[in-house]
């Protein structure tokens, strides 16, 4: 694959969709004509910045071809692209709209994931390093981090309902890589999570910066959402049907089991100690 001209990631103006427009963007991503404009070199796998047009509409998007994926020893089944789209389908089933519109389609370099480009509100602050042993009101502690010269600081994330919803979604899809750079707050007030290529493993691999609610009771809203997911993931359920072409039957079964465990325990999961709890690098 030839490398197009480099562009800075997330440096262009993009659509910031409202919830009721997501379906229209999904149609545009599915049917539109892709034109590669640049390569996002910071990505660990091939990620191409593209323009897309269809029926008088246009947008910008990220296209990640399967041909540009690097094999992962601990994710031997399926593709990164398939898991990215599966994460979007689960997000849509929650009704929270936490993942940008994402589809699996053919592109200039073969089949791949195509996801709407999201412009980030730079002034939004979701993560911080602070002095002290405890977080200030409005923040949740993640843990201590070395900041140089033998000093440590407390890493915290915002006590934000949008992040809390994302923490529930990550627990369902078993996200092994929820970094700070994967959180995209928009000027319109929405929060998106991206880069879901390492999800849905049958083994516990939850690695995230969103541990602030670990062990706390799930909200009533989250419980109702999980009940809806349980129904959708049942044999013959709509979500189960949508996931079948994207991930393996064993991965779907494991997702059902995670939903059931969350409902049974009624709390946000806690680190288990058998796997690094925080991804590296964290941002």
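Numbering (our numbering), first residue to last: 3 to 285.
Every residue gets a Cβ at the ideal spot worked out from N, C-alpha and C, and that includes glycine.
Residue burial classification, residue i (beta-carbon count within 10 angstroms, cutoff 16)
i, result
"residue 7", "Since pLDDT at residue 7 reaches only 35, below the 50 mark, its modelled position is unreliable, and no value is offered."
"residue 218", "exposed"
"residue 10", "Only weak support exists for where residue 10 lies, its pLDDT of 34 falling under 50; the coordinates are left without a value."
"residue 142", "buried"
"residue 118", "buried"
"residue 261", "buried"
"residue 15", "Unreliable positioning characterises residue 15 in this predicted model, as indicated by a pLDDT of 35, which lies under 50. A coordinate reading is not provided."
"residue 243", "exposed"
"residue 274", "exposed"
"residue 114", "buried"
"residue 98", "buried"
"residue 134", "exposed"
"residue 172", "buried"
"residue 148", "exposed"
"residue 193", "buried"
Residue i - containing beta strand (DSSP E), residue span
i, result
"residue 113", "112-118"
"residue 55", "50-56"
"residue 66", "59-67"
"residue 36", "35-41"
"residue 109", "104-109"
Neighbourhood of residue i by C-beta distance below 6 Å, restricted to the same chain and skipping five residues each side
i, result
"residue 90", "101 and 104"
"residue 272", "216 and 217"
"residue 178", "200, 207 and 209"
"residue 224", "170"
Close Cβ partners of residue i (< 8 Å) along its chain, the five nearest in sequence each way excluded
i, result
"residue 229", "265"
"residue 220", "170, 228, 264, 268, 269 and 270"
"residue 241", "91, 92, 95, 231, 234 and 235"
"residue 48", "3, 41, 66, 67, 69, 70, 71 and 111"
"residue 136", "143 and 156"
"residue 282", "none"
"residue 54", "30, 31, 34, 35, 36, 37, 60, 61, 62, 63 and 116"
"residue 146", "154, 155, 156 and 157"
Residues bridged to residue i (per DSSP)
i, result
"residue 162", "For residue 162, which the question treats as bridged, DSSP gives no partner whatsoever."
"residue 195", "185"
"residue 167", "Looking at the DSSP assignment, residue 167 forms no beta bridge with any residue, so it has no partner."
"residue 201", "DSSP, once it has assigned bridges, lists no residue as partnering residue 201."
"residue 210", "180"
Boundaries of the alpha helix (DSSP H) in which residue i is found, first to last residue
i, result
"residue 266", "251-267"
"residue 234", "222-235"
"residue 101", "Residue 101 -> no alpha helix (DSSP H), and no H or E assigned at all."
"residue 243", "240-245"
Close beta carbons around residue i, own chain, < 7 Å, minus the five adjacent residues each side
i, result
"residue 204", "252, 253 and 256"
"residue 250", "79 and 80"
"residue 123", "187, 188 and 189"
"residue 279", "209, 213 and 273"
"residue 33", "56"
"residue 109", "36, 65, 67 and 116"
"residue 126", "187"
"residue 184", "195, 196 and 197"
Proximity test, residue i beta-carbon vs the ligand FAD heavy atom, cut-off 7 Å
i, result
"residue 226", "Summarising the ligand content, the structure contains no ligands, and the ligand FAD is consequently not present."
Complete runs of the beta strand (DSSP E) confined to the segment 124-156 [at least 3 residues]: 129-132 and 141-150
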